[in-house]
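**Q** Under the UniProt record's numbering, read the sequence shown as residues 1 to 171, first letter to last.
Note that the Cβ used here is the ideal one computed from N, Cα and C, for glycine as well.
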Amino acid sequence: MGDSIFSRKRDLVYLIHFSISLPMAFLMDLQAIYPSSMVPSFMLSLKNYYIDNYNDRFFVETPPFFKLFIWSELFFQAPVMLWALGGLYRNSPKIPLVLLPYSTVVFLTTVTCMFEFAFWPVPSPEKVELCKLYGPYLAISAFMGVDMYLRLNNVIAQASTVSSIKMKKAE
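(1) Here's the rule I'm using: 16 or more other beta-carbon atoms within 10 Å means buried, otherwise exposed. How should V106 be labelled?
(2) With a threshold of 6 Å on Cβ separation, who are the neighbours of residue 173 within its own chain once the five nearest residues in sequence on each side are excluded?
(3) Taking all protein chains shown into account, decide if T161 is buried (16 or more other Cβ within 10 angstroms of its Cβ) or exposed.
(4) Do the region 129-140 and the region 82-92 touch if we need at least three Cβ pairs shorter than 8 Å?
(5) Is T110 buried or exposed, if buried means 16 or more other CB atoms sit within 10 Å of its CB?
(6) Let's test the definition: count the other Cβ atoms within 10 Å of the Cβ of V146 and tell me whether it reaches 16, buried, or not, exposed.
(7) Here's a check: name, in chain order, each residue in its chain whose Cβ is nearer than 6 Å to the Cβ of F66, leaving out the five neighbours to either side.
(8) If I'm right that Y54 touches L100 with Cβ under 8 Å, what's the distance once you round it to whole angstroms?
(9) Along the alpha helix (DSSP H) that carries S4, what are the first and last residues, could you check?
(10) Using CA coordinates, which residue listed in V98, I5, F6, D56 is at the minimum distance from P121?
(11) How big is the Cα-Cα spacing for V39 and A159?
(12) Using the three-state DSSP reduction, which class does N91 fall into: helix, strand or coil?
(13) State buried or exposed for K47, treating a residue as buried only when at least 16 other CB atoms are found within 10 Å of its CB.
(14) Any idea what DSSP makes of F75, helix, strand or coil?
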């Protein structure tokens with residue numbers, strides 16, 4: 001089990017991030033693929049509030065590529081976030097193996113969306129507001145990706161060292 005989640009600051013940040021992002025995925029992002037009859041009024045109100053305040057065109061008229069991203073959120077990202085809540089809390093040794101591809105997918109989908117909205121015919125202040133919303137997802141996924149890569153790299157380096165020592169002893 002190892003150290004407490006409270007002593008692992010980066011993991012605690014990831015745990016908090018997933019605790020917020022997972023419900024938001026189901027409340028907001030996935031609405032684009034829900035049958036309209038299944039969307040409760042409070043969720044529709046939340047979406048309308050978001051559109052009214054941020055003019056995020058991905059939620060006004062969902063482009064096909066964004067729907068693909070939403071399906072990946074449902075079938076890949078959401079299950080990973082759900083698993084990661086327990087994995088991070090338990091300090092699972094599989095965390096880097098699972099969160100490296102997750103962070104890569106989130107980074108690529110987020111940077112694609114940010115690149116796309118940079119070319120929307122909307123005033124620059126609206127784009128800045130969207131950057132304030134999408135930017136943290138980009139930053140967290142980039143940081144997480146580097147963190148998970150370094151963790152895996154350390155595991156591989158340690159395994160290589162142990163393997164080298166065993167080979168020298170065998171000689």
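**A** With the given structure in hand:
(1) Indexing the sequence shown from 1 puts residue 106 at position 106. Answer is buried; the Cβ neighbour count reaches 16.
(2) Because the chain in this structure spans residues 1 to 171, residue 173 falls outside the shown range and cannot be described.
(3) Translated into positions along the sequence shown, residue 161 becomes position 161. Flag for T161 reads exposed.
(4) no
(5) Here residue 110 refers to the residue found at position 110 of the sequence shown. When all chains shown are included, T110 counts as buried.
(6) Residue mapping note: residue 146 aligns to position 146 of the sequence shown, counting from 1. Result: exposed.
(7) By 1-based counting over the sequence shown, the position of residue 66 is 66. Here the set comprises F58.
(8) Taking the sequence shown and counting its residues from 1, one reaches residue 54 at position 54. Taking the sequence shown and counting its residues from 1, one reaches residue 100 at position 100. Their Cβ separation, rounded to whole angstroms, is 30 Å, which puts Y54 and L100 out of contact at 8 Å.
(9) As a first step, residue 4 is located in the sequence shown; it is residue number 4 there, counting from the start. Neither: S4 is in no alpha helix (DSSP H) and is coded neither H nor E.
(10) On the sequence shown, residue 121 is found 121 positions in, with the first residue counted as 1. Nearest C-alpha to P121: D56.
(11) As a first step, residue 39 must be located in the sequence shown, where it is residue number 39. As a first step, residue 159 must be located in the sequence shown, where it is residue number 159. So the alpha carbons of these two residues sit roughly 50 Å apart.
(12) Numbered from 1 along the sequence shown, position 91 holds the residue referred to as residue 91. Three-state result, N91: coil.
(13) By one-based count along the sequence shown, residue 47 stands at place 47. Per the 10 Å Cβ criterion, buried.
(14) In the sequence shown, the residue the question calls residue 75 occupies position 75. Reduced to three states, the DSSP call for F75 is helix.
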